[in-house]
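Just so you know, the protein sequences line up as chains A and B, in that order. The numbers in my numbering rise by one with no breaks, and the one at position 203 of the first sequence is 203. Here my numbering runs 1000 ahead of the position in the second sequence, where the first position is 1. Quick reminder that beta carbons are idealized off the backbone N, C-alpha and C, glycines included. Take a look at the structure below.
There are 2 protein chains.
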Amino acid sequence: MPQISNVGLAMPSSPIRKLMPFANAAKKAGKRVIHLNIGQPDVSSPDVAVRALKDDARTVIEYSPSEGYESYREALSIYYKNASINVEVDDLIVTTGGSEALIFGLLSCMDPGDEIIIPEPFYANYNGFAKMVGVNIIPVTAYIDDGFALPPIEDFEAKITSKTKAILICNPGNPTGKVYNSEALDALAKLVLKHDLYILSDEVYREFCYDGSQPKSVLELEGLAQNAIMIDSVSKRFSMCGARVGALVTKNAALRETIMKFAMARLSPPTLGQIASEAALKAPASYFEDVRSCYVKRRDVLVEGLNNIPGAMCPMPGGAFYAVCKLPIDNSDTFCQWILEKFDLNGDTVMMAPASGFYSTEGAGYNEVRIAYVLDLPLLERAIVCLKAALELYPGRTT
Amino acid sequence: MPQISNVGLAMPSSPIRKLMPFANAAKKAGKRVIHLNIGQPDVSSPDVAVRALKDDARTVIEYSPSEGYESYREALSIYYKNASINVEVDDLIVTTGGSEALIFGLLSCMDPGDEIIIPEPFYANYNGFAKMVGVNIIPVTAYIDDGFALPPIEDFEAKITSKTKAILICNPGNPTGKVYNSEALDALAKLVLKHDLYILSDEVYREFCYDGSQPKSVLELEGLAQNAIMIDSVSKRFSMCGARVGALVTKNAALRETIMKFAMARLSPPTLGQIASEAALKAPASYFEDVRSCYVKRRDVLVEGLNNIPGAMCPMPGGAFYAVCKLPIDNSDTFCQWILEKFDLNGDTVMMAPASGFYSTEGAGYNEVRIAYVLDLPLLERAIVCLKAALELYPGRTT
């Protein structure tokens, strides 16, 4: 039998994957598992997007151009301009989800063995994309006690070597929900220019900013036209994760030309997803207002509930629909398995993502979990009650 | 300005891309360009697939499982079984087009610096996928005078080194239209087993076999359960190139587990494309019968027409909808540009893909072009008339 590749052997599994058998066993045993681990929003896709698919008259589901449909790229450019981000049609390449945008971005900026600096905790799949491209992630730790603020610029600079080619941020952040302020981003921009690096900014949660905070795009930063790459996606924005439509946006023409070579090799982003995505841009303002107010209510209930659990601490997230919470436990991998395997409260238990999977530094986040609030309020409230009860019984409780 | 990656700089452009400016200029100058270069079938997608999208009741375009919808995988498994290919549901991973299946296949079988042997001429985008993964393509030349038969096994064996991990074939073939016979495939299977290699077989044209020939899948070959990987796609089969739905099929469980790690990193294949693809499997037998009889008519007219041009030679393709034709010319890159730039017959000219882009060996195929017959008969006939007239005028004519 021929060997599996080393790249394949080194590919990480998702932090949640390891827990799946325990969640399935819990369900089989008759427990109700409340999923706090899921990134698929529970809100509806915009009506106008779903309708566009039904109204579409084409009889051949043909390729789109490799860079995406011109009409969709035009509509997206207007969307960004309305958000005060100066994006021309030609700055935009449509991708198969944010995932492909990240892979093409890494492939175009970096060679195998190169280094990319990422504040941790970060979206766990960045590990997989880096492995696929053969580049090394160098983490800079953000701390829960600082509310996951962007680490000091000195911490980034200390990690820069001759192999450093790029910095990657996620803003608003998954898993932290952190929205970076202008000052932090400006400082990062200076560093990027000083060392002539690329900066990739994953902005797929940009519509989910709360308490009046405005998400600042990497494309709005001064002097970064040749350095900045924005990663975007309709997955979370329009609750259309299955459309598989993202975008890569940069003012750097040489970089776009390179990205286009990868885009042409895979021929075309999904045609049907683009039809829905273009239509979704016509969703009324009330669509986002409703979604945002729904998430804010859930976030407030969640964060207050978590902070009322003795020994727990959860900073208030400013965006996205995740929170990272510190718990009075020895090990979140063990705890997240234990709560599925050994615990229930009148038949109910919860599934959470251990935060260890979001850190690159060994041992970091050992007592933290990521919680997604894409559940109805009553279920969220019940989950908090369960979590509190579980912590009272958990043998590995520390305080 | 930061540097573009070496990987990005080394990515090949498509053979057709270089001609696009000349095709556009020809159109601007008022010429009609008959496109013999296009791989998008002109036939309709099955009604039942288009209707399924309209009838679908979901209000959230949500993720599908990373391995694809269970119901689609079940339907696909039945499709293969009906074609006498023993495929169980669990052998199947749904991908974002055949492109992603190829990339995941390469990533799982091979490491950077490893070698993959491919009979040339081959689908030009294999070059891009190999560059992305960092593996080297080692060509084994097939010859037009042999009708592009699979090269002798000794030619493959002569190329095997300690770095050889896999052999990749395309059957029926793009760009040649060649359908390999059982004997050739059995000989290849023996070689693969002898050297414990993987064999990837791109079978996306399997429904397009003519003159009663039956396409033999790599999954039907004896003793190859741990070695064989089939690449498939709905793009050509159902004229649904924009659905971006493919599949990777293998009986090797360890390999599937590895492929699933890549699949989970990118989350989900397209949901909408899968809805259409599952429905397409219910297309009546008459759908393929109509399409096949249409292609056979075109193929016959094309091949006869080409062989009637003095100095031209085109072997009869047994499958797909491409033909490679030898022309009495000095250089097909030059000729394909010249015919767009300097030639017209009462305003008409043709665009073809120079075959050089399908060979890895420098200089091979210098006097060959690839022609796709996805055009109506009258247009195809007109294209042959134009080509004949152009060859009479072309300054680089050799005979």
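Residues of chain B with a Cβ closer than 7 Å to the Cβ of Ala254 of chain A are, in chain order, Ile1004.
If you look at Pro1119 of chain B, you'll find it in the beta strand (DSSP E) that goes 1115-1120. Counting only runs of 4+ residues, the alpha helix (DSSP H) found wholly inside the stretch 265-336 of chain A occupies 271-280, 285-307, in chain order. Under DSSP, no beta-bridge partner is assigned to Pro1065 of chain B.
Between Met1351 of chain B and Val1033 of chain B the beta-carbon gap is near 5 Å, inside 8 Å, which marks them as a contact. With a 10 Å radius around the Cβ and a threshold of 16 neighbouring Cβ atoms, Ile229 of chain A comes out buried. According to the DSSP assignment, Arg1382 of chain B belongs to the alpha helix (DSSP H) that extends over 1377-1393.
By the CB criterion at 8 Å, Val87 of chain A and Val249 of chain A fall inside the cutoff. At a C-beta separation below 7 Å, Phe1129 of chain B has these neighbours in chain A: Ala265.
Per DSSP, reduced to three states, the secondary structure at Asp348 of chain A is strand. For Ile1078 of chain B, the number of other beta carbons within 10 angstroms of its own is below 16, and it is reported as exposed.
Inclusion of Glu381 of chain A and Val296 of chain A in the CB contact set at 8 Å is not warranted, their separation being larger than that value. Taking 3 residues as the shortest admissible run, the stretch 1098-1164 of chain B contains the following complete beta strand (DSSP E) segments, listed from N- to C-terminal end: 1115-1120, 1136-1141. For Met1352 of chain B, no Cβ of chain A is located within less than 8 Å of the residue's own Cβ. At least one CB of chain A lies nearer than 8 Å to the CB of Thr1258 of chain B. Judged by DSSP secondary structure, Leu185 of chain A falls within the alpha helix (DSSP H) whose first and last residues are 182-194.
Within 10 angstroms of the beta-carbon of Lys1261 of chain B lie 16 or more other beta-carbons, which makes it buried.
In terms of CA proximity to Ala1320 of chain B, B:Ser1293 leads the group B:Met1313, B:Asp1047, B:Ser1293, B:Asn1082.
Contact check for Gln1274 of chain B against Ser1005 of chain B fails: the beta carbons are separated by 8 Å or more. Using a Cβ-Cβ cut-off of 8 Å, Gln1040 of chain B counts as an interface residue toward chain A, since at least one Cβ of chain A sits closer than that to its own.
Between Val1007 of chain B and chain A, the shortest Cβ-Cβ separation is below 8 Å. Close partners of Gln226 of chain A in chain B (Cβ separation under 8 Å): Met1001, Pro1002.
Here Asp232 of chain A really is in contact with Glu203 of chain A; their C-beta atoms are around 6 Å apart, less than 8 Å. Against chain A, the CB of Tyr1366 of chain B has no partner CB under 8 Å away; the residue lies outside that interface.
Exposed is the label assigned to Leu393 of chain A, since fewer than 16 other Cβ atoms lie within 10 Å of its Cβ. Residue pairing by DSSP leaves Ile38 of chain A without any beta bridge partner. The continuous alpha helix (DSSP H) containing Val50 of chain A extends over residues 47-55. Bounds of the beta strand (DSSP E) holding Met230 of chain A are 228-233. Annotated as proximal: Ile1061 of chain B and Leu1272 of chain B, with beta-carbon spacing under 8 Å. The beta carbon of Ser1045 of chain B falls within 8 Å of a beta carbon belonging to chain A, placing the residue at that interface. Distance from the CA of Asp1114 of chain B to the CA of Arg1299 of chain B, rounded to the nearest whole angstrom, comes to 38 Å. When Cβ-Cβ separations below 8 Å define contact, Arg32 of chain A makes no contact with chain B.
Secondary structure at Leu197 of chain A: coil, using DSSP grouped into helix, strand and coil. Each residue's CA atom was taken as its position, placing Leu1009 of chain B and Gly357 of chain A some 33 Å apart.
Glu1070 of chain B is classed as exposed because its beta carbon has fewer than 16 other beta carbons within 10 Å across all chains shown.
Only those residues of the stretch 1060-1071 of chain B whose C-beta falls short of 8 Å from the nearest C-beta of chain A are listed: Val1060, Ile1061, Glu1062, Tyr1063, Ser1064.
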